[in-house]
Each structure stands twice: as structure tokens, then as C-alpha cells.
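The numbers in the sequence shown follow the numbering used here, run straight up by one, and end at 631.
To start, the structure itself, in C-alpha cells.
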Amino acid sequence: MKRALPWIVAAVALVAFGASYSELQRVRARFGEVTSHKFHDHAEVREFMIRAAIAETPRPIVIIGDSITEMAPLPRQICGHAVVNAGVGGMTIQEAKRLAGRVMDEGGAFIVALAVGANDAGSQTARQDFSELIEAVKPLSAKPLVAISAAADQQTNRQIGAAATASGVLFVDPHLPPGSKMTDGIHYTAAAYGAWVPALETAIARVCG
423 MKRALPWIVA AVALVAFGAS YSELQRVRAR FGEVTSHKFH DHAEVREFMI
473 RAAIAETPRP IVIIGDSITE MAPLPRQICG HAVVNAGVGG MTIQEAKRLA
523 GRVMDEGGAF IVALAVGAND AGSQTARQDF SELIEAVKPL SAKPLVAISA
573 AADQQTNRQI GAAATASGVL FVDPHLPPGS KMTDGIHYTA AAYGAWVPAL
623 ETAIARVCG
């Protein structure tokens, strides 16, 4: 019996390890599902709020973007028109195109500004995607569109800028001061917004008249 005891203990430990590992994998899978669900819920809630804000605001200035826009301390009004923050964290250029069609009617916005691209870093189709976004959004804006850089990498910003310029859209790429990025290298700090928001506001004011 004494000789068999170590083998029994080892067998029990092995079974326990197997059960623990299986449970760990199950928890990891569940965590992934919950995380994805939370992001999905966030986008749905944001879309509902954006649609409601646009519906309740006559001739608004709508700024479509990703988390850079969503987190931005945008002014409440520009040129006497209320500003609607249509930023949705995690949104790509292609998703922005689909969102615009769902939340706005033709000519419903006074001005639409495009501030998206942070989630398209490294994309080989950023220029084409942005061109398609512009064409989809143009009919929704009473005034010419405005676009501003929002991607973390300059290559993507250059592609977006080229698409905007080719379509006759005013594009601004403000110089951001040192310390403009959070530790993730993507999101903006208060210092960045101190340059980014005024640049966007000035660009919008240029097409107000």
C-alpha cells in the first residue's frame, strides 16, 4: 500500500490539474466572449445616442470618428450650430461609412467633419476606404466636408489626406506637441487635444460661410 500511495497521489494531482486547466480555458473563452459583447454593446449605445442627438438638433455639425473623437472635448457650438460628437471607440473607416448612413438623412447635417483612422493603422486600403467614406457622406452635409488626421501613424494619415485632397475636401493635419500620446501610443492626452480641437474648429469655421 505504501508503494502505491505515491502513484495514487500523482494520479489525483494529474486529474486535478486537468480539471483546473479545462476550467481555465473555459474562463478564458468566456472572458473573450464577454469582452467582445461589451464592445458590441458600447457601439450600439453610442449609435443610439448619436442618432437621438442628430434627430433633436436642427442642422447640426456632426463630427464622425473613433475613440479619438469620442474622447475629445469638442465645443458645444461652432458658427452658431450645435456640435454632435459622433465618435465611436473602435470604429474603422469602413464602419464610419456604415454608421453615417444609419444615423443621418440626406442634407440633414449642416457640416460633417471626418475624424477617423486610428483603427486603420497599417491598412493598405485606407485611402480607398476614406474616398468611399467621403462619397457616402457628401450628400448628408449641406456644406463641404472637413477632414482631420486621427491615426497614430503618419502613413495612414497621409493616405487619408491624399483621399481628402483628391476629393476636394479640406484636410488638416495639426502638429501635436510632445507628450501628445497616452502610454498605448494611440490615444491623445490633454496636450494633444489642446492643439487638435482648435485645428478642427478652425477648419469647420472656414467652410461655415
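Just so you know, even glycine gets a beta-carbon here, dropped at the ideal spot from N, CA and C.
Across which residues does DSSP place S563 in a beta bridge pair?
The residue labelled residue 563 in the question sits at position 141 within the sequence shown. DSSP output for S563 lists A531 as bridge partner(s).
Spatial distance of R520 from R498 (CA atoms)
Position 98 of the sequence shown, counted from the first residue, corresponds to residue 520. Position 76 of the sequence shown, counted from the first residue, corresponds to residue 498. Between the C-alpha atoms of R520 and R498 there is a straight-line separation of about 25 Å.
Three-state class that DSSP yields for G509 in the structure shown
By 1-based counting over the sequence shown, the position of residue 509 is 87. Collapsing the DSSP output to three states places G509 in a strand.
Cα separation between E469 and N507?
Numbered from its first residue, the sequence shown carries residue 469 at position 47. Numbered from its first residue, the sequence shown carries residue 507 at position 85. About 11 Å.
Three or more C-beta pairs below 8 Å linking the segment 521-540 and the segment 559-570:
The answer is yes - the segment 559-570 touches the segment 521-540, with three or more Cβ pairs under 8 Å.
Between which two residues does the alpha helix (DSSP H) carrying V525 extend?
Position 103 of the sequence shown holds residue 525. 515-525 is the span of the alpha helix (DSSP H), which, as asked, contains V525.
Along the chain, where does the beta strand (DSSP E) that runs through I490 open and close?
For the purposes of this step, residue 490 is taken as residue 68 along the sequence shown, with counting starting at 1. Counting along the chain, I490 falls outside any beta strand (DSSP E), though it belongs to the alpha helix (DSSP H) covering 489-492.
Measuring only the C-alpha atoms, how far is P495 from Q546?
Looking up residue 495 in the sequence shown gives position 73. Looking up residue 546 in the sequence shown gives position 124. Computed Cα separation, rounded: 31 Å.
Considering only the beta carbon of each residue, do H597 and K603 sit closer than 8 Å?
By 1-based counting over the sequence shown, the position of residue 597 is 175. By 1-based counting over the sequence shown, the position of residue 603 is 181. Their beta carbons are not under 8 Å apart, which means H597 does not touch K603 by this criterion.
What's the call for V467, buried or exposed, on a 16-neighbour Cβ count within 10 Å?
Taking the sequence shown and counting its residues from 1, the one referred to as residue 467 is at position 45. Classification of V467: exposed, given that the 10 Å Cβ count is below 16.
Residues of its chain near A432, where Cβ-Cβ distance is below 6 Å and the 5 sequence neighbours each way are ignored
Your numbering for residue 432 matches position 10 in the sequence shown. Note that A432 scores 48 on pLDDT, short of 50, meaning its location in the model is unreliable and no value can be drawn from it.
Drop a sphere of 10 angstroms on the beta-carbon of P482, count the other beta-carbons inside from all chains shown, and report buried for 16 or more, exposed for fewer.
In the sequence shown, counting from the first residue as 1, residue 482 sits at position 60. When all chains shown are included, P482 counts as buried.
Closer than 8 Å, CB to CB, is E478 near chain D or not?
Protein chains in the displayed structure number just one, and chain D is not present.
Where A569 sits in the DSSP three-state scheme
Counted from its first residue, the sequence shown places residue 569 at position 147. Three-state result, A569: strand.
Span of the beta strand (DSSP E), counted from its first residue to its last, around V594:
Indexing the sequence shown from 1 puts residue 594 at position 172. Note, V594: beta strand (DSSP E), 592-594.
If you run the structure through DSSP and keep just helix, strand and coil, what is Q550?
Indexing the sequence shown from 1 puts residue 550 at position 128. Of the three classes helix, strand and coil, the one that applies to Q550 here is helix, per DSSP.
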